[in-house]
Amino acid sequence: WLIIWPVNLVSQRFSLISQPVCEKSKLNWNKQKHMGRQNKIKFISSFIFSTTIFYTFIASLTLAGSGKSSYNFKPATSAMLSITTRETSYHVSELASVKYQGREAGTHGQWLAAQYIGNEFSEYGLKSLKGGDYFQPFEIVRTDLKSWGFWLERESKQGKETVELTLKYDYIPFKFTGEGEISAPIAFVGYGITAPEYGYDDYADIDVRGKIVLVLRHEPQEYARQSVFDGIVLTRHSLFEVKARNARAHGAIGMLLVTDPQGGHGSGMPQGFWPAFYPERKLKSAWQVYDESLFDHFISVWISTQLAQRILNEAGQSLIQLQKEIDKNLTPHSFTIPDFKAHIKLQLEKEFRTTQNVIGFLQGSDPKLSKEVVVVGAHYDHIGIKHGHIYPGADDNASGTAALLEIAEAFSDMPIRPRRSILFIAFTAEELGLLGSEYYVNHPWVPLSRTVAMINLDMIGRNEENQVTVIGSNRSPELQAINEAANREIGLTLLYNGEKYFSRSDQANFARNGIPVIFYNTDTHEDYHQPTDTPEKINAIKMTRIARLAFLVAWEVANIEVPPTMKKDYIFVN
315 WLIIWPVNLV SQRFSLISQP VCEKSKLNWN KQKHMGRQNK IKFISSFIFS
365 TTIFYTFIAS LTLAGSGKSS YNFKPATSAM LSITTRETSY HVSELASVKY
415 QGREAGTHGQ WLAAQYIGNE FSEYGLKSLK GGDYFQPFEI VRTDLKSWGF
465 WLERESKQGK ETVELTLKYD YIPFKFTGEG EISAPIAFVG YGITAPEYGY
515 DDYADIDVRG KIVLVLRHEP QEYARQSVFD GIVLTRHSLF EVKARNARAH
565 GAIGMLLVTD PQGGHGSGMP QGFWPAFYPE RKLKSAWQVY DESLFDHFIS
615 VWISTQLAQR ILNEAGQSLI QLQKEIDKNL TPHSFTIPDF KAHIKLQLEK
665 EFRTTQNVIG FLQGSDPKLS KEVVVVGAHY DHIGIKHGHI YPGADDNASG
715 TAALLEIAEA FSDMPIRPRR SILFIAFTAE ELGLLGSEYY VNHPWVPLSR
765 TVAMINLDMI GRNEENQVTV IGSNRSPELQ AINEAANREI GLTLLYNGEK
815 YFSRSDQANF ARNGIPVIFY NTDTHEDYHQ PTDTPEKINA IKMTRIARLA
865 FLVAWEVANI EVPPTMKKDY IFVN
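Add 314 to the 1-based position in the sequence shown for our numbering, that's all there is to it.
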């Protein structure tokens, strides 16, 4: 009886969820969806409780006989049955409908989609960590150069000598630059890094208040495996914006960045693009997160290696020799260049929008581990309306958002809470450059130091019937092992050939911060970023199975004693 009873119950449950997904059933489900929720929760709760007792008993017998341990998916394998093709299809059809106008970030259609997701989170009983709604609003901005100028000035007994520099060849402003007019002495500050955890500070013995700093790209001992800077893996101190923030924190009013000559990174020319370079093409700049602390009057410019050496000649110094000396002993060589100034004038055109991440929180059960979180995420924005056509984005990424919602609901319905807490995040502005996840990792609702893993779902509803590409898990042995063990409950064919897409979805911003990630994707297709990416082309069964797999992985990561680790073999070149 112990064997037959749960099998019969599973059979009944599968008969309940395996109804064909057709237009009529979707419409009926639209009316019945919320009415039957309480009955569904009661069924699932009793089902999970009973099967948990059964499988715990069987597992104890098995483990006692084998002497081996295994992952404990059993409570979750019962709960995952509440993730159904009917419900995932409903969410896809809703989010890809005309009502949401393609969900472009910062538009009314995207705001309606955010409200839809927030309403679902509320119905599931998820909490908001901010004591109100589920929204994390922020501004994005699109800029272009309106006017510009850069001059060097040398003072001598003979008077002042001024040299005007050329945009694109001598310098290119960074996208995050502020605007205004500055005139100040130049101070060379090595790599521009303050890293107390490594005992290194380029600003230790120099006062740069009111000055423009000249900094090297990257970080010391870039190719030395024994370096305290995480060996050959670049740390966050190498990021452009981190260098700019550090310079500003030390009182500088501007930053000139130059490619380090020993790094072997191209010609040493400044890099970047502005539409103003090609006015005849009527191009527009990319959107970015608006950060007032950078976008006010702190000016950041990338300069050529030739220009940097020209500046250092005024102090009788060699750029490559300075870099070698710093790298040799990790000793800063910072100094102010005497009788020499830079004048920079920038004016920008700006276009602003407001957009929102949607974040729901499920409290964990363990007094200690519940302070940590597992993030389950998917971007819900798409590309809106182009040339009079709505781009519905059914696969990209209503499919991943549908999975996110169903995973959140499945966890909420369980009578057993995972030990760690779970944060469900629907990211905005992924299509504009992963901006929603970028904003979140810089303004996390739970500190990143307590974020143990990130599971991302992006485009999971098309192509071959049984295949899913798994990206990023190869950087975490534990996460990969959990995923493969969980898949034995699902039976998908796992592909590991999608690493070229690693930096193209939201998990990349978490990985940059050392957080283990796993990204589910079913590859591109002929309807990618086309008006023809519509709900009827979604493979609902496949989408639902991937959602169930992600649910099992999230469950196990939220319950294991020791969280996954991340290999330090992925370098984010900046």
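C-beta: ideal position from N, C-alpha, C; glycine also.
Cutoff 8 Å; reference residue i; Cβ partners in own chain excluding five residues on either side
i    : result
G577 : R531, H532, E536
S679 : I730, R731, P732, R733
H422 : Q415
S461 : K659, L660, Q661
S790 : A767, P830, V831, I832, P878, T879, M880, K881
Residues near residue i by beta carbon distance below 7 Å, same chain, minus five either side
i    : result
C336 : In this prediction, C336 has a pLDDT of 37, which is less than 50 and means its spatial position is unreliable; what the coordinates show is noted afterwards. Hits under 7 Å: none found.
L440 : G674, F675, L676, A722, S726, F738
P584 : Y485, I486, W616, I617, S618
E434 : L719
I785 : G812, E813, Y815, F816, F833, N835
I855 : T399
I874 : none
Y448 : G432, F435, S442, V672, I673, G674
Nearest-angstrom Cα separation, counted from residue j out to residue i
i    : j    : result
Q631 : A622 : 10 Å
T879 : I796 : 12 Å
K436 : P593 : A small fix is needed here, since residue 436 is Ser in this sequence, not Lys. Computed Cα separation, rounded: 48 Å.
G513 : T645 : 10 Å
A717 : L771 : 7 Å
V766 : E870 : 12 Å
F816 : K881 : 15 Å
E872 : L866 : Inspection of the sequence shows that residue 872 is occupied by Ala rather than by Glu. One C-alpha to the other measures close to 10 Å.
S411 : H701 : 18 Å
G805 : K388 : 16 Å
S384 : N801 : 14 Å
I697 : V672 : 18 Å
S403 : P849 : 8 Å
Y483 : Y834 : 42 Å
S497 : G524 : 9 Å
Y754 : V831 : 15 Å
E813 : N627 : 44 Å
S763 : N827 : 9 Å
A825 : S607 : 24 Å
I397 : H405 : 12 Å
A561 : T650 : 14 Å
H903 : I625 : Limits of the chain in this structure are 315 at one end and 888 at the other, which puts residue 903 out of reach.
Residue-level contact to chain B via CB, residue i, 8 Å cutoff
i    : result
Y810 : Within the model displayed, chain B is absent; a lone protein chain is all it includes.
Local conformation of residue i per DSSP, three classes
i    : result
K471 : coil
F816 : helix
Q450 : strand
F554 : helix
T858 : helix
V572 : strand
D727 : helix
E495 : strand
Y438 : helix
Y485 : strand
V406 : helix
P849 : helix
R826 : coil
G565 : coil
E720 : helix
For residue i: DSSP bridge partner residues
i    : result
Y834 : L771, V784
M394 : Per DSSP, none; premise fails for M394.
L737 : F675, V689
W465 : E478, H657
D458 : E663
A501 : V527, T650
H418 : Per the sequence shown, the amino acid found at residue 418 is Glu instead of His. According to DSSP, E418 bridges with H696.
Residues of its chain near residue i, where Cβ-Cβ distance is below 6 Å and the 5 sequence neighbours each way are ignored
i    : result
S751 : F741, D820, N823
E493 : L660, Q661, L662
G714 : A692, L771, D772, I774
E665 : R456
D574 : L530, R531, H532, Q637
L528 : I500, F502, L570
S614 : F488, T491, A558, M569
V687 : S735, L737, V760, T765
P877 : V766
A868 : V688, V690, I769
V542 : Y512
Closer than 7 Å: residue i CB and nearest the ligand FMN heavy atom
i    : result
M394 : The ligand content of the structure shown is nil, which means the ligand FMN is not present either.
Residue ranges of each alpha helix (DSSP H) run of no fewer than 4 residues wholly in the region 747-813, ordered along the chain? 749-756, 791-801
Beta strand (DSSP E) segments (min. 3 residues) lying fully within the region 575-632: 601-603, 613-617
At 4 residues or longer, and completely inside the region 509-551: list those alpha helix (DSSP H) runs for me, N to C. none
Those runs of the beta strand (DSSP E) which lie wholly inside the region 660-715 and span at least 3 residues: 687-693
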